[in-house]
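Quick look at the structure:
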């Protein structure tokens, strides 16, 4: 069957706002953790940039910046999975959300992660195989081929992604082949649904960043005002 694209997009946004209290219950611990880590990571980067400009140092990344960046990335990815599993179970099973972050030790969260990695492998390996000969032999066509392969990967990944909510609700029958068969004829609907639910918030966030920071010269970097703005906005964007 053809998925009802417009109705599903409207329902996705409406459900988010209708269940906003549940959204906060599911995510508040992750929001606090990721906001603090984001602030630390950005502040370290900004201070390093200021020192580089002020003392004409050779740009380098201190070890503590690498450590904080790594911890932030891990926390951000775990947050996404933990929130997604709780959200899927709320929508599909009408299950009351558990305390934020408390599901991280459950098997379904790690099966969700494993399924995500499986989908990535299924999508990326053929993509790399397709790009490799072009990379080696036909440089002039590389950009077009990369764009085409990337788009194809998104279409395939979108169809296979229905395995993820199935994992969240402990449905083991949704295999790769079952996901592929179930979503037949809906590649573009899933693609445009993904775009409609992710791009507008990202665009609004970017516009807010440009309006708030503006065009910064070297003086704003040296006096620290840009560092403060950039750190605040990194926190807001992360949230």
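Numbering (the numbering used here), first residue to last: 2 to 240.
Glycine is no exception: its CB is placed at the ideal position from the N, C-alpha and C atoms.
Computed from a prediction, not measured in an experiment: that's the story for all the values here.
Could you give the distance in angstroms between the alpha-carbon of residue 19 and the alpha-carbon of residue 98? Against the chain shown, residue 19 aligns to sequence position 18. Against the chain shown, residue 98 aligns to sequence position 97. CA-CA distance, residue 19 to residue 98, rounds to 14 Å.
What number of angstroms, rounded off, separates the C-alpha of residue 134 from the C-alpha of residue 150? By 1-based counting over the chain shown, the position of residue 134 is 133. By 1-based counting over the chain shown, the position of residue 150 is 149. A direct Cα-Cα distance of roughly 13 Å separates residue 134 from residue 150.
For residue 102, which of helix, strand or coil comes out of DSSP? Here residue 102 refers to the residue found at position 101 of the chain shown. In the structure shown, residue 102 sits in coil (DSSP, three-state: anything other than H, G, I, E or B).
Pull up the distance between the alpha-carbon of residue 77 and that of residue 39, whole angstroms please. Counted from its first residue, the chain shown places residue 77 at position 76. Counted from its first residue, the chain shown places residue 39 at position 38. Using only the alpha carbons, I get a separation of about 9 Å.
Can you grab the Cα-Cα spacing for the pair residue 184 / residue 235, in whole Å? On the chain shown, position 183 is the one that residue 184 refers to. On the chain shown, position 234 is the one that residue 235 refers to. Put simply, the backbone Cα of residue 184 is about 37 Å away from that of residue 235.
Contact defined as beta carbons within less than 8 Å: I believe residue 102 pairs with residue 157. What is the distance between those atoms, to the nearest angstrom? If you number the chain shown from 1, residue 102 lands on position 101. If you number the chain shown from 1, residue 157 lands on position 156. So it is not a contact: roughly 32 Å between Cβ atoms.
Suppose contacts are defined by Cβ-Cβ distances below 8 Å. Is residue 69 in contact with residue 94 by that definition? Mapped onto the chain shown, residue 69 falls at position 68. Mapped onto the chain shown, residue 94 falls at position 93. Remark: C-beta atoms of residue 69 and residue 94 do not approach each other more closely than 8 Å.
Suppose you measure from the CA of residue 187 to the CA of residue 4; what does that come to, to the nearest Å? Within the chain shown, numbered from 1, the residue matching residue 187 stands at position 186. Within the chain shown, numbered from 1, the residue matching residue 4 stands at position 3. Rounded to the nearest whole angstrom, the CA to CA distance from residue 187 to residue 4 is 7 Å.
Residue 131 to residue 119, Cα distance in whole Å? Here residue 131 is taken as the residue at index 130 of the chain shown, counted from 1. Here residue 119 is taken as the residue at index 118 of the chain shown, counted from 1. One Cα belongs to residue 131, the other to residue 119, and the distance between them is close to 19 Å.
Nearest-angstrom Cα distance between residue 110 and residue 116? As a first step, residue 110 must be located in the chain shown, where it is residue number 109. As a first step, residue 116 must be located in the chain shown, where it is residue number 115. So the alpha carbons of these two residues sit roughly 10 Å apart.
Residue 238 to residue 206 span [Cα, whole Å]: Looking up residue 238 in the chain shown gives position 237. Looking up residue 206 in the chain shown gives position 205. CA-to-CA, the gap between residue 238 and residue 206 works out to about 7 Å.
With DSSP collapsed to three states, give me the class of residue 121. For this step, residue 121 is matched to residue 120 along the chain shown. Per DSSP, reduced to three states, the secondary structure at residue 121 is helical.
Can you name, in chain order, every residue of its own chain whose Cβ lies under 7 Å from the Cβ of residue 167, other than the five neighbours on each side? For this step, residue 167 is matched to residue 166 along the chain shown. Cβ-Cβ distances below 7 Å link residue 167 to 175 in the same chain, with the five nearest sequence neighbours on each side left out; the list follows chain order.
Straight-line CA distance for residue 21 to residue 15? Taking the first residue of the chain shown as position 1, residue 21 is located at position 20. Taking the first residue of the chain shown as position 1, residue 15 is located at position 14. The alpha-carbon of residue 21 is positioned some 10 Å away from that of residue 15.
Starting from the Cα of residue 123, find the closest Cα among 165, 177, 83, 196 and give me that residue. Translated into positions along the chain shown, residue 123 becomes position 122. Measuring C-alpha to C-alpha distances from residue 123 to each of 165, 177, 83, 196 identifies 177 as the nearest.
Considering Cα atoms alone, identify which of 191, 74, 189, 27 is closest to residue 37. Counting from 1 along the chain shown, the entry for residue 37 is found at position 36. In terms of CA proximity to residue 37, 74 leads the group 191, 74, 189, 27.
Mark residue 7 as exposed unless 16 or more other C-beta atoms lie within 10 angstroms of its C-beta, in which case mark it buried. Mapped onto the chain shown, residue 7 falls at position 6. With a threshold of 16 other beta carbon atoms within 10 Å, residue 7 falls short and is exposed.
Option in 162, 181, 170 with minimal Cα separation from residue 195: Locating residue 195 in the chain shown gives position 194, counting from the first residue. Ranking the options by Cα distance to residue 195, first place goes to 162.
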